[in-house]
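Working notes, beginning with the structure itself.
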Amino acid sequence: MFNDEQWSQLLRGFIEEGRDLAKQAEEYLLVLDQEPDDEQAVHGLFRAMHTLKGSAGLFTLTPLVNFTHHLESLLSTVRDGERRLTAPLISLMLRCLDEIASMLDLIDPDSGELPVDEAHQAQLLDALAEQTGAPRAIAHEADDAAEDCARRGTLERCVGCDAAGAWHISLRFHPDLLRNGFDPASFVRYLGRLGEILHLETLAEQMPDLVEMDPESCYLGLEIALCSSASKAEIEDVFEFIRDFCTLRILPPDSALDDYLKLIQDLPETDERIGSILIASGLLTEHELAEGLALQAEVGDGLKSPLGSVLVEAGMVPPKAVNAALAKQQSARERPNRESSQIRVAANKLDELINLVGELVISAAGAQLQAQLQGSADCIESSQTVNQHVEAIREAALKLRMIEIGDTFNRFHRVVRDVSQQLGKQIRLDIQGADTELDRSVIDKLADPLTHLVRNAIDHGIESAEQRLAAGKPAEGRLSLNAFHDSGMIVIEVSDDGRGLNTARIREKAIERGLIDPQATLSEADTHMLIFAAGFSTADAVSDLSGRGVGMDVVRSAIDALRGSIEIESRPGLGCTFRIRLPLTLAIIDGFLVSLGDEHFVIPLELVTECLELDARLDSRYGYLNLRGKPLPCIDLAAHFELPSSAQGRRNILVVSLGRHQAGLIVDRLHGELQTVIKPLGLLFQHLQGISGSTILGSGQIALILDVASLLRQLQQHIDHEFRSPQPRPDLMGS
Amino acid sequence: MIEFQQPAPLRLDLTGSLTIYEVAEAREALRAAFAGARDGDWQLDLGAVDELDSAGAQLLLAAQRHVREAGGALQLNRAGDRVRELLALLRLNELLPGGDAHVQ
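Below, the structure written as structure tokens:
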């Protein structure tokens, strides 16, 4: 039905879907942790497991089907009100979800294989069985699957034994069978010697009424699911004697979906009847059947739509001919799908699009420049229109990559829960600004540093309940994650209401580790930043979570790599806030073009607060100028980069602000706004200070993009150096 | 050999075996019994049935369907081990009281 490539593409789709489902399930579990009676969450949780199991069955991922089956059956008892989810049970289920997530990671999309750590799974299932107070039933199933497949007859497939799955045998008997002295029952008995009969159904649909029937004629049919390592020939041999008196169809284990569908259609009974038998015997999932029937209906209509896409939109296709119960379950499953009517697109396709849009921006700028050089008014006008559209496309394209940060934030419910339990602390997580949008690639790279910060806050920041009560604070600690937009940047805050950073202790430790000179005078903020130095850790006891001195420097380098900055705001005894500032996107920015002599530079526009004409003189490369009565630290860029500055013409100051830091950049000429497609610097230039990338101008010239954060750091260092006491040290902190 | 007794209007007691050799005779007896009584819930006592085969099971199935279509129910009582074994093998336990099609 599918070629390998289509299949592995579908499988990739499933893996994505599976991850989403596992994540959903986790969210529901965490809700239930707080509100054990939230019915909607229970249903959602069950549905997630049910769908996961169903879809996994479609791809013959038997270990996953088997594992989720246990969770699903447990949840069905919860849903039916027979059991409540206790805290230990939730913890256990969270671990099971972890196992599911790692199974999903282990699926090889090319071969469709799924290697599993059976011992670990058995352990989890045993623990689950113990919690649910049904040790024998479930544990037995997990352990003795190989000996006793029949017990697992209600499972999706027979797994755990040597055979890869169940055979399906369809028998329709000739009316003369009984009259010739054959008894179907004896063949069934004999078949039982080849393996375990997982499922059997006697069909008597063709039988006339008692009054009309010939009781000596056979009207019966059998549908059998057999778990056996026997070959097809061996199974056929069982029916050797009645070959002339029956129609026999044998489908090997794990036959293709369309083989089953063909069987359904070939048999005289209704599609639903046979379909429900196949479902009951675990050879097909409801999902597969519904999908298959819908698929056939569609193909039957002569619509040659790609089969793959039909299956991908699993659940979106209304099943045409399934019974009412099936349809009902189906619609329950469809709902979440419809709510989020989204299209999955491979990330690299989006990257390609954005890359092309970037090139388009450059060439449109080139066209406009040419038009201006030609001086033709029509030409200029049309190139301006083109430019407007290009700009609109650019924005739309960038929006495609924007996703809400909420998903990333929500995963911290789990981290906070686990870590605080481990440490015996009570901590509540507050999330604000979950709908703040951020470039997908930024969010992906942000997860690790945020995790470090959150763990750090729980481990070091928030005190134990006793300490908190002694300090007059509520026993329950608070950790909040907050995101918001601020002047073209996104700001993410991780704050706690713990003890705050211990400046003296950090200083002591830094001296001990040789990170700073014992004589050095550092501001409080600078001292705090020392915790981002490699190999720095102040925890007295190395705990499981943090305290090994890895982490905070990783946070710093991850944020740097995102062209972001981080600052710490700590109030002793009251708490600590880590504030991360990040650019909204990594690919294209609105820039401000300036030049130094003949060289062009771009400064991210959102950082520019104003432009001024330079009327004073700066004595050296770095210094202060008076900006409306306040000292403004300034950097002479031409001198800083050792470029010849143009002798004639006035010079300008560009006032930039980054967070609360403000500084003036002295340049020769201002050219104005420019959409800037960021091209990364080559390997050779990656370590250049003060430059974060390059771009190509419409004229074909190269302009370098200034890394304002690093420029400000250098400026600060020089100013510190030159203006070292006696007089009070001026600070870059603006108003 | 099979014998039918009708100790009550809606009750039949079967004695002997119900196999391909007896089904023709048994069908006549059932048809006569069902035709002669008003519709209702029938009890079939199998306590004295010592053998059942697929043909017999098929007949029981037909009888049940016949009664059901007339709006009644057919219950098989006191089925012995051999009868149960065959019904279980063909997953026809639903014919038995409290039977479940999937009980082994």
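Quick mapping for you: the protein sequence lines, in order, are chains A and B.
So my numbering is basically just the index in the first sequence, starting at one, shifted up by 248.
So my numbering is basically just the index in the second sequence, starting at one, shifted up by 306.
Ideal Cβ positions, reconstructed from N, Cα and C, are used throughout, including at glycine.
- One thing to note: V634 of chain A has its Cβ within 9 Å of the Cβ of Q616 of chain A.
- Listed along the chain, the chain A residues whose CB falls inside 8 Å of the CB of S360 of chain B are L426, D431, P432, A433, C466 and L468.
- Closer than 9 Å to the CB of A296 of chain A there is not a single CB belonging to chain B.
- Secondary-structure assignment with DSSP links E482 of chain A through no beta bridge to anything.
- Taking a C-beta distance under 9 Å as the contact criterion, I338 of chain A and F315 of chain A do not qualify as a contact pair.
- Per DSSP, the continuous beta strand (DSSP E) segment holding I953 of chain A begins and ends at I950 to L954.
- Pairing L526 of chain A with L541 of chain A gives a Cβ-Cβ distance that is not under 9 Å.
- With 16 or more other Cβ atoms inside 10 Å of its own Cβ, I490 of chain A counts as buried.
- By the Cβ-count criterion, N704 of chain A is buried, with 16 or more other Cβ atoms from all chains shown falling within 10 Å of its own Cβ.
- In this structure, C494 of chain A and L419 of chain A form a Cβ contact; the two beta carbons are roughly 5 Å apart against a cut-off of 8 Å.
- Within the region 647-699 of chain A, the alpha helix (DSSP H) runs of at least 4 residues that lie entirely inside it are, in chain order, 654-671.
- For H317 of chain A, the enclosing alpha helix (DSSP H) has its first and last residue at T310 to R327.
- Boundaries of the alpha helix (DSSP H) around V609 of chain A: A595 to Q622.
- For R726 of chain A, the uninterrupted beta strand (DSSP E) run begins and ends at G725 to D734, by DSSP.
- D707 of chain A counts as buried, since at least 16 other C-beta atoms from the protein chains shown sit within 10 angstroms of its C-beta.
- Residue pairing for I355 of chain A: DSSP places it in no beta bridge.
- Interface flag for I308 of chain B against chain A is unset, since no Cβ pair is found closer than 9 Å.
- Counting along the chain, F780 of chain A sits inside no beta strand (DSSP E), nor does DSSP assign it H or E at all.
- Neighbours of E449 of chain A across chain B, judged by C-beta separation under 7 Å: R397.
- If you ignore the 5 residues before and after L316 of chain B, its C-beta comes within less than 7 Å of the C-beta of A343, G346, D347, W348 and Q349, all in its own chain and listed in chain order.
- Taken residue by residue, none of the region 252-271 of chain A has a beta-carbon sitting less than 8 Å from a beta-carbon on chain B.
- Among the residues facing chain B, V459 of chain A is included, as its CB has a counterpart in that chain under 9 Å away.
- For H935 of chain A, no alpha helix (DSSP H) encloses it, and the DSSP letter there is neither H nor E.
- CA-CA distance, Y508 of chain A to L499 of chain A, rounds to 8 Å.
- At a cut-off of 9 Å between C-beta atoms, R437 of chain A counts as an interface residue with respect to chain B.
- Put simply, of A:V915, A:Q964 and A:G709 the residue whose alpha carbon is nearest the alpha carbon of L954 of chain A is A:V915.
- For I883 of chain A, the enclosing beta strand (DSSP E) starts and ends at K878 to D884.
- The beta carbon of P456 of chain A lies closer than 8 Å to those of Y467 in the same chain, with the five residues before and after it left out.
- Contacts with chain B at 9 Å (Cβ-Cβ) include M455 of chain A.
- F340 of chain B: member of the alpha helix (DSSP H) spanning V329 to G342, first to last residue.
- Considering only beta carbons, the part of the region 323-339 of chain B lying closer than 8 Å to chain A consists of I326, V329, A330, A332, R333, L336 and R337, in chain order.
- For E357 of chain B, the closest Cβ of chain A is not nearer than 9 Å.
- H422 of chain A carries a coil assignment under DSSP once its states are collapsed to helix, strand and coil.
- For M461 of chain A, there is no enclosing beta strand (DSSP E), as DSSP marks it with neither H nor E.
- Ranked by Cα distance from I710 of chain A, the options A:L929, A:R747, A:L853 and A:F657 are led by A:R747.
- At a Cβ-Cβ threshold of 9 Å, L380 of chain B and R374 of chain B count as neighbours.
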